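The structure appears right after this line, and notes come after that.
Numbering (our numbering), first residue to last: 258 to 492.
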């Protein structure tokens with residue numbers, strides 16, 4: 258019996274927990290991808306770039322008949338392996354007879370797909386060169402990138418990502434805290450401590466999630482008391 262074909266091809270990972278906040282940023286990315294073929298989200302480490310672009314891509318996948326494909330580059334430290342990483346993400350595993358760049362360009366040339374490139378900042382020059390060629394030779398391609406720096410290419414729409422608003426930060430902390438301790442509730446007293454914790458952590462999502470993880474053994478007040486600085490908490 259033949260298995261039904263996936264109506265939305267791609268390799269986006271399943272979300273392991275709820276996405277919180279960032280409604281305006283998601284809407285802005287959707288508009289930018291209507292107007293620009295290259296959209297880049299920039300920001301400091303831990304601010305939520307990866308989660309934002311993968312969420313945006315998942316919400317928009319129906320736009321792309323040939324799928325949404327994620328290329329994760331944070332663990333690719335050798336520039337010579339960049340093209341192999343992209344080819345592998347696209348499912349192009351047989352490139353023994355031709356260079357991976359040629360296989361990538363040929364694959365994308367006549368396809369309507371969204372390529373999501375995450376964590377490229379340590380390979381920015383090599384990544385920019387590849388994206389430039391792909392956009393030139395694949396007219397239906399869209400690229401959504403996330404990194405600490407922009408790619409600095411013509412036509413690039415850059416979206417600097419700020420830390421979370423106070424309310425979204427509190428929502429995220431409470432959501433993740435409930436995942437660690439199902440009995441967690443934001444009482445009036447606890448809400449004040451949680452708000453202060455979110456403020457001390459500058460609304461940075463990664464820091465908030467790690468702080469919530471400490472609730473396995475500590476109360477919110479105790480986490481706050483031990484927060485001499487964010488670096489002690491995160492070690």
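Where a beta carbon is used, it is the ideal one built from N, C-alpha and C, also for glycine.
Predicted, not measured: the structure shown is a model, and the values here were computed from it.
It is roughly 24 Å from the alpha-carbon of residue 269 to the alpha-carbon of residue 359.
Distances from the CA of residue 391 to each of 375, 368 and 431 were compared; the closest alpha carbon is that of 368. Under the DSSP assignment, residue 327 falls in the beta strand (DSSP E) whose first and last residues are 325-329.
Within the same chain, Cβ atoms closer than 8 Å to the Cβ of residue 289 are found at 296, 414 and 416, the five residues on either side in sequence being excluded. Taking a contact as a CB-CB distance under 8 Å, the pair residue 427 and residue 451 counts as one, their CB atoms being some 6 Å apart.
For residue 295, the three-state secondary structure derived from DSSP is strand. For residue 464 and residue 354, the gap between their C-alpha atoms comes out near 46 Å.
Residue 300 and residue 328 have their C-alpha atoms roughly 18 Å apart. A straight-line Cα-Cα distance of about 37 Å links residue 294 and residue 469. Assigned with DSSP and collapsed to three states, residue 374 falls in strand. Between residue 306 and residue 403 a beta carbon distance of about 4 Å is seen, short of the 8 Å cut, so the two are scored as contacting.
For residue 417, the enclosing beta strand (DSSP E) begins and ends at 413-417. Considered as a whole, the stretch 410-488 harbours 423-437, 445-457, 462-470 and 477-482 as its complete alpha helix (DSSP H) runs of no fewer than 4 residues, in chain order.
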